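Below is one structure, written out as structure tokens; comments come after it.
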Amino acid sequence: MSAVVAVIDDLREESDELDALVGELDIAGWRGPTPAARWTVAHQIAHLSWTDEVALLAATEPDRFGDEVAKALAAPDSFVDEAADALVASHAPNALLARWREGRARLDKVLRDAPDGTRIPWYGPPMSVASMATARLMETWAHGQDIADALGVTRAPTARLRHVARIGVRARNYAYAVRGITAPDGEFRVELHAADGEMIAYGPQDADQRVTGPLLDFCLLVTQRAHRDDLAVTAEGRDADQWLSIAQAFAGPPGPGRLPRAEQPDRAEPDGRR
């Protein structure tokens with residue numbers, strides 16, 4: 621099995637797991653709030669559906685995708701919310717679920733059928749097929765985390781988190797650039813411990829700047845699904861410490877992030893889950 625096929629398979633599994641979480645929800649469940657401001661469970665699925673469709677457009681009609689980039693540049697802080705709002709307003713939950721399922725199946729086929737060496741335009745630099753699949757997996761996992769938190773569900777970490785961590789590490793310099801900050805020279809050492817005991821490492825062993833912690837916590841950090849204060853990710857070195865405060869694995873403007881658990885007015889005790 622090629623590395624490209626493997627990540628596409630993992631994207632399908634991640635999507636299927638989330639599908640199982642929302643597939644049997646009633647109307648009240650779909651309308652329930654999630655940790656993302658103003659977004660219900662329906663908004664989360666609407667966003668994934670929209671992003672899959674935009675990725676499909678980029679892969680099959682790159683000239684038309686340019687129009688989507690223009691929309692993003694014209695309204696960088698609102699175009700994502702507007703797209704989710706429009707789908708939620710125009711689709712009942714069952715229709716929204718069906719649209720997401722159809723869109724991700726079409727994207728799956730296009731990615732599998734893409735010729736070797738294909739580059740897909742995106743909101744940043746063009747992406748390989750493997751990178752596009754990784755980015756879709758990262759978003760599916762992150763928005764799935766919002767839904768799981770909203771429903772009070774604890775998801776078991778899977779080996780698929782390695783993809784999320786990898787894109788988080790690779791996006792290090794992007795996190796600086798999107799904030800107008802000059803990225804530090806040199807690589808950082810990142811050591812992450814998976815739930816099965818395996819250590820996943822990036823960067824030179826002798827790097828002065830180091831980040832260590834659980835794989836799950838690092839993924840929550842770089843997708844901005846939890847505040848750094850609530851995670852067991854640590855930094856050695858000033859540059860590494862700064863990075864942990866701005867890290868993001870997703871394209872687009874810096875997100876607002878999440879408040880520390882102690883500052884969340886609606887937190888539940890004792891584990892802080894909503």
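Letter by letter, the sequence shown follows residues 621 to 894 in the working numbering.
Positions of the beta carbon are idealized from the N, C-alpha and C atoms, including for glycine.
The model shown is predicted, which means the values in this text are computed figures rather than measured ones.
### Query
If we count the other Cβ atoms within 10 Å of its Cβ and call it buried at 16 or more, is Ala623 buried or exposed?
As a first step, residue 623 must be located in the sequence shown, where it is residue number 3. Classification of Ala623: exposed, given that the 10 Å Cβ count is below 16.
### Task
Just grab the DSSP bridge partners of Val831 for me.
Reading the sequence shown from its first residue, position 211 is the one you call residue 831. For Val831, which the question treats as bridged, DSSP gives the partners Val810, Ala855.
### Distance, Ser669 Cα to Leu840 Cα
Locating residue 840 in the sequence shown gives position 220, counting from the first residue. Locating residue 669 in the sequence shown gives position 49, counting from the first residue. Looking at the two C-alpha atoms, the distance is approximately 22 Å.
### Task
Report the rounded CA-to-CA distance for Leu879 versus Ala712, giving the unit in angstroms.
Mapped onto the sequence shown, residue 879 falls at position 259. Mapped onto the sequence shown, residue 712 falls at position 92. So the alpha carbons of these two residues sit roughly 31 Å apart.
### Integer Cβ distance of Trp742 from Arg792, believed to fall under 8 Å
Numbered from its first residue, the sequence shown carries residue 742 at position 122. Numbered from its first residue, the sequence shown carries residue 792 at position 172. With 8 Å as the limit, Trp742 and Arg792 do not qualify as a contact, their Cβ atoms being about 18 Å apart.
### Query
Okay, do the stretch 755 to 775 and the stretch 687 to 704 touch, 3+ Cβ pairs below 8 Å being the bar?
no
### Task
Assign Arg739 to one of three DSSP states: helix, strand, or coil.
Reading the sequence shown from its first residue, position 119 is the one you call residue 739. Correct three-state label for Arg739: strand.
### Task
Tell me where the alpha helix (DSSP H) around Ala797 begins and ends.
The residue given as residue 797 occupies position 177 in the sequence shown. That run of the alpha helix (DSSP H) goes 792 to 797.
### Query
Does DSSP classify Gly877 as helix, strand or coil?
Within the sequence shown, residue 877 is the residue found at index 257, counting from 1. If DSSP states are grouped into helix, strand and coil, Gly877 belongs with coil.
### Task
Please name the residue, chosen from Gly744, Asp672, Thr738, that lies closest to Leu716 on a Cα-to-Cα basis.
Counted from its first residue, the sequence shown places residue 716 at position 96. The residue with the shortest Cα to Cα distance from Leu716 is Asp672.
### Message
Across the stretch 654 to 670 and the stretch 766 to 773, are there enough close Cβ pairs to call them in contact, namely three or more that are closer than 8 Å?
### Response
yes
### Task
Determine contact between the stretch 804 to 816 and the stretch 828 to 843, defined as no fewer than three beta-carbon pairs at a distance below 8 Å.
yes
### Task
Determine the contact status of Ile866 and Ala795, defining contact as a CB-CB distance below 8 Å.
By one-based count along the sequence shown, residue 866 stands at place 246. By one-based count along the sequence shown, residue 795 stands at place 175. Closer than 8 Å, so yes.
### Task
Just the C-alpha distance for Ala827 and Glu634, rounded to the nearest angstrom, thanks.
Position 207 of the sequence shown, counted from the start, is the residue given in the question as residue 827. Position 14 of the sequence shown, counted from the start, is the residue given in the question as residue 634. Cα to Cα, the separation comes out at about 33 Å.
### Alpha-carbon to alpha-carbon, Ala678 and Phe685
By 1-based counting over the sequence shown, the position of residue 685 is 65. By 1-based counting over the sequence shown, the position of residue 678 is 58. Near 5 Å, if we compare the C-alpha coordinates of Ala678 and Phe685.
### Coil, strand or helix - Thr754 by DSSP
Here the question's residue 754 lines up with position 134 in the sequence shown. Residue state, collapsed to three classes: helix.
### Query
Buried or exposed: where does Ser710 fall if 16 or more other Cβ atoms within 10 Å of its Cβ makes it buried?
The count along the sequence shown starts at 1 and reaches residue 710 at position 90. The residue in question, Ser710, is exposed, as its Cβ has fewer than 16 Cβ neighbours within 10 Å.
### Runs of alpha helix (DSSP H) lying entirely within the stretch 622 to 679, each at least 4 residues, in chain order
623 to 642, 647 to 651
### Query
Do Arg830 and Phe808 have their C-beta atoms within less than 8 Å of each other?
Residue 830 sits at position 210 when you count from the first residue of the sequence shown. Residue 808 sits at position 188 when you count from the first residue of the sequence shown. Cβ atoms of Arg830 and Phe808: closer than 8 Å.
### Task
Take the Cβ of Ser698 as the centre, count every other Cβ of all protein chains shown within 10 Å, and call the residue buried at 16 or more, exposed below.
For the purposes of this step, residue 698 is taken as residue 78 along the sequence shown, with counting starting at 1. Answer is exposed; the Cβ neighbour count stays below 16.
### Query
Is the beta carbon of Pro885 sitting closer than 8 Å to the one on Val798?
In the sequence shown, the residue the question calls residue 885 occupies position 265. In the sequence shown, the residue the question calls residue 798 occupies position 178. Result no, Cβ atoms of Pro885 and Val798 do not sit closer than 8 Å.
### Message
Which complete alpha helix (DSSP H) runs does the stretch 675 to 711 hold, if anything under 4 residues is left out?
### Response
682 to 694, 699 to 710
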